[in-house]
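These notes concern the structure reproduced below.
Residue numbers (the working numbering), protein chains in the order written: chain V, 1 to 325; chain H, 1001 to 1256.
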């Protein structure tokens, strides 16, 4: 083949990089002022409310009863979510089982526990002793293997934990199932072709990929659980909300104590939000070529792009999707 | 004594609902043979391949691998379905390579290859990883040990997928259109690996493909399927050069 004309790219010298004046965003500044003013006004109204006693808020924020309540709330949330997640995964895998008995059991569980209010379920466990004073485990007409008083077995805390956890499992089962069926069927086939059994391929191949879909709603559920755990109040569990109620019943500072509890609930959900972000980042491995930015990196980037010249070509290269050194 | 065929199909039938996809397939694949299956889409060639490792159940006929029925055990005159564990054990002896690679995206190339030997065969991780490294070297990807599938080109992914199947030391390899999802310039590297498998390892292979060049040069036999039946079979050169059936001739005129 004869040599063709010189390629276009080699003809011209690379022109100077474009230096344009960036688009101005005046409305960003206007809206910033409006938002800041509105927030400041709201805060001012509450801070200067005539009968607001901020001293009470300060006194109880780190008060021993409140701090004890926080510990109980956290214990309850962690244990109930643990029951929910573990049982939820089991139920989801059961639900997708080819065995009709196994999948029906799972269907029935979800139908029942999702279909009754969690408040009623906590109440049920809390009052179980009123109809069944003793719980025994054994063979009918045979030896008794285990025997206990229901009240000893199911403390108020256990009642709340069971009510919240078993109810959560029904919701988690559906979240996990959604994750499992979102994984490409080719993955299952490839694992089967390698000789993996159903349970092994669920555990090693499908579930880890489903985690990307499962984690965000599970974070949502955890945050929700942190607050729903206040229903343990009906079982007299001394968690944060119960403590708030007890204190405000004594000193009548209802709004002040509500603010104390809200500050703590907000602080705890904020920490969970950050935790969720890093869990998502972990399960993104292999799905994105680069790990997503940490919140700190994102915040920095946001500050710099709020009112800044367009990124230099060097920065562009660093942020292009698919670019990896 | 006659050599026992690696794959033997007799009057294999398979339907999906009312659609009859396989309407009586008879063939034999001998050990170390490379059989290529060609045919228009919908001819049942991929379905037949998937029946060989029981990803699909056949409805009628007999299909056996290495002298044992696929998915069933015969005792007296009765067929007994194999329990899942047995089906899995048999699948582990047959390698399969898919059109869309199906690598596990959350695992590196090395982990993809070592996973089944560790979890299914119970090899130690050290042994499995050493073997995986040598397999990656064999397919020319020694430097991609730690790469995740989405950091590899299609051709590289398919070569990892071949290494993953080989790690189980299969006695038979099934290829389901292994180059159909690849950019044209990446097809060669995958075919080269497959050619080396046939020539250097003497691997028994059943390859569903549209690569007539590969079929001619590497294949020991060629099967043309259409409408769920085998229309024509023979030596690749003869079938490709002098098809005896009109349908074969028509198909070849379109793809060659």
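Beta carbons are placed, not taken as given, at the ideal position from N, Cα and C, and that holds for glycine.
Asked, Found
"Burial state of residue 111 of chain V (16 or more Cβ within 10 Å)", "exposed"
"Proximity test, Cβ basis, 9 Å: residue 280 of chain V and chain H", "no"
"Selection of the stretch 195 to 210 of chain V by Cβ proximity to chain H, strictly under 8 Å", "195, 196, 197, 198, 200, 204, 205, 208 and 209"
"7 Å Cβ cut-off: residues of chain H touching residue 192 of chain V", "1055 and 1091"
"Segment contact flag, the stretch 164 to 183 of chain V with the stretch 216 to 226 of chain V, C-beta cutoff 8 Å, min 3 pairs", "yes"
"CB contact flag (residue 1228 of chain H, residue 1023 of chain H, <9 Å)", "yes"
"Among V:293, V:91, V:281 and V:141, the one whose alpha carbon lies nearest that of residue 209 of chain V", "V:281"
"Any chain V beta carbon closer than 9 Å to residue 1110 of chain H", "no"
"Nearest neighbour of residue 1206 of chain H, chosen from H:1098, H:1103, H:1035 and H:1083 [CA to CA]", "H:1035"
"Beta strand (DSSP E) segments (min. 3 residues) lying fully within the stretch 33 to 80 of chain V", "none"
"Through-space distance from residue 1252 of chain H to residue 1221 of chain H, alpha-carbon basis", "16 Å"
"Contacts that residue 186 of chain V makes with chain H (C-beta to C-beta distance below 8 Å)", "1098, 1100 and 1102"
"N-terminal and C-terminal residue of the alpha helix (DSSP H) that residue 124 of chain V is part of", "118 to 126"
"Same chain, Cβ closer than 8 Å to residue 1068 of chain H, neighbours up to 5 away in sequence not counted", "1090"
"Test: residue 1125 of chain H CB closer than 9 Å to a CB of chain V", "no"
"The stretch 1070 to 1079 of chain H in contact with the stretch 1118 to 1137 of chain H per 3-pair CB rule at 8 Å", "no"
"Assigned exposure category for residue 95 of chain V - 16 Cβ within 10 Å defines buried", "buried"
"Close-in-space but distant-in-sequence residues of the same chain around residue 1108 of chain H (CB under 8 Å, 5 per side omitted)", "1145, 1146, 1147 and 1148"
"Runs of alpha helix (DSSP H) wholly within the stretch 83 to 149 of chain V (minimum 4 residues, chain order)", "100 to 115, 118 to 126 and 128 to 131"
"Closer than 8 Å at the beta carbon, the chain H residues around residue 285 of chain V", "1106 and 1148"
"Simplified DSSP state of residue 1022 of chain H, which is helix, strand or coil", "strand"
"Within chain H, partners of residue 239 of chain V - CB distance below 8 Å", "What residue 239 of chain V touches in chain H: nothing, since even the nearest Cβ is about 38 Å away."
"Contact list for residue 189 of chain V against chain H, beta-carbon separation under 9 Å", "1050, 1055, 1096, 1098 and 1102"
"Backbone CA spacing between residue 322 of chain V and residue 226 of chain V [nearest angstrom]", "With a pLDDT of 41 at residue 322 of chain V, under the threshold of 50, the modelled position of this residue cannot be trusted; read the value that follows with caution. Straight-line Cα distance between these residues: approximately 38 Å."
"Beta-carbon neighbours of residue 1068 of chain H, restricted to chain V and to distances below 9 Å", "Result: empty, since nearest Cβ-Cβ is about 15 Å, beyond 9 Å."
"Cβ pair count under 8 Å reaching 3, the stretch 140 to 160 of chain V against the stretch 53 to 67 of chain V", "no"
"Residue 27 of chain V to residue 38 of chain V span [Cα, whole Å]", "16 Å"
"Interface flag, residue 103 of chain V vs chain H, CB-CB below 9 Å", "no"
"Span of the alpha helix (DSSP H) around residue 1130 of chain H", "1125 to 1138"
"C-beta atoms of residue 137 of chain V and residue 154 of chain V nearer than 9 Å", "no"
"Contact the stretch 37 to 57 of chain V vs the stretch 227 to 242 of chain V: 3+ CB pairs below 8 Å", "no"
"Enclosing beta strand (DSSP E) for residue 1226 of chain H [first to last residue]", "1221 to 1226"
"With 16 other Cβ atoms within 10 Å as the buried cut-off, status of residue 184 of chain V", "exposed"
"Inter-stretch contact at 8 Å, needing at least 3 Cβ pairs: the stretch 1173 to 1180 of chain H / the stretch 1095 to 1107 of chain H", "yes"
"Minimum C-alpha distance to residue 59 of chain V - residue among V:270, V:294, V:257 and V:194", "V:257"
"Listed by chain order, chain V residues near residue 1119 of chain H by CB distance under 8 Å", "196, 200 and 204"
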